[in-house]
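In the numbering used here, the protein residues as written are 6 to 305.
This report refers to the structure that appears directly beneath it.
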């Protein structure tokens, strides 16, 4: 397991990254969002990362990006309270959605790409229609500022993580709150469901990663290893590993079955805000305050 490449990618901290597959071109797309107000679209092909588009329009820093699983579009949100949808085939903005002040801290496409979920500062998850660009409905945690959200791949659940360490899991079909998980004591920076939607992995400023059984809300494991805040977690498509990144400047690969860290990458110079696998789980991308993109080989 080794680093393949690193590039200085932005003029300020990179807080978010997404990795998608371009089925048409048989290549892959990496999208980064930075405090320099830019969203950058990169083509990953033949072990090379080439800048395709540098997308302007956001102000006050881009804090969250995601790529649709079914359409060639990306979404980005920034502290200017706007969500922007981008066409990945031509680099043009499709639409801009006003999400309300500080209500676009985190966003995620639903698995069918019909909706975009965003966390709000009043504990609601707002669900916007990708086609309509309008708020369709919201899910209320009755809690605090939501820092992180994740859809389960099967489309049944949505999980949200709040600034006070509380995690809520909703049944999307009914809109009902299924579970409230209170295992962490500090902000929940990131959430990721396993590909089979059975497990939820959570990352917190308390330095711990927790694994929950989604159906019964049972705590299945508490993992320590990072020396500081855990800022991002992402499941591997192989269903047996996940990756985490931290303000301790490291990226760690974990074995779900044994609950152990199997590899640590120490290639960043500063906090690592974002980490993702590619579509087949053979590569990992990470981004951080050092303004760099790192890509690693990850043999499954």
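Every residue, glycine too, gets a C-beta built ideally from N, C-alpha and C.
Only residues of its own chain outside the window of five on either side were considered, and among them 18, 275 and 276 have a CB closer than 6 Å to the CB of residue 294, listed in chain order.
DSSP, reduced to helix, strand and coil, places residue 257 within a strand of the structure shown.
Beyond the five residues adjoining it in sequence on each side, residue 106 comes within less than 7 Å, by CB distance, of 86 in the same chain, given in chain order.
In this model, residue 117 and residue 302 are separated by some 29 Å (Cα to Cα). For residue 247, the uninterrupted beta strand (DSSP E) segment begins and ends at 246 to 251. Only buried fits residue 108, as 16 or more other CB atoms lie within 10 angstroms of its CB. According to DSSP, residue pairing for residue 33 in a beta bridge involves 26 and 49.
In the same chain as residue 7, and ignoring 5 residues on each side of it, the C-beta atoms closer than 6 Å to its own belong to 302, in chain order.
Only exposed fits residue 53, as fewer than 16 other CB atoms lie within 10 angstroms of its CB.
Within the same chain, Cβ atoms closer than 6 Å to the Cβ of residue 205 are found at 164, 198, 217 and 219, the five residues on either side in sequence being excluded. Spanning the alpha carbons of residue 146 and residue 182 requires a straight line of approximately 8 Å.
Ranked by Cα distance from residue 67, the first of 112, 255, 180 and 76 is 112. Sequence-distant partners of residue 142 (beyond 5 residues in either direction) whose C-beta falls short of 6 Å from its own C-beta, in its chain, are 132. Counting only unbroken stretches of 3 or more residues, the beta strand (DSSP E) elements lying wholly within the segment 101 to 176 are 112 to 114, 120 to 124, 129 to 134, 140 to 145, 151 to 156, 162 to 167 and 172 to 176, in sequence order. The beta carbon of residue 174 sits closer than 6 Å to the beta carbons of 162, 164, 183 and 184 from its chain, once the five residues preceding and following it are set aside; these are given in chain order.
CA-CA distance, residue 129 to residue 20, rounds to 22 Å. For residue 215, the secondary structure class from DSSP, reduced to helix, strand or coil, is strand.
Taking residue 77 as the centre and dropping the five residues before and after it, the same chain places the C-beta of 93 and 94 closer than 6 Å to its C-beta, in chain order.
The Cβ atoms of residue 123 and residue 284 lie no closer than 7 Å to each other.
In this structure residue 232 is exposed. Its beta-carbon is surrounded by fewer than 16 other beta-carbon atoms within 10 angstroms.
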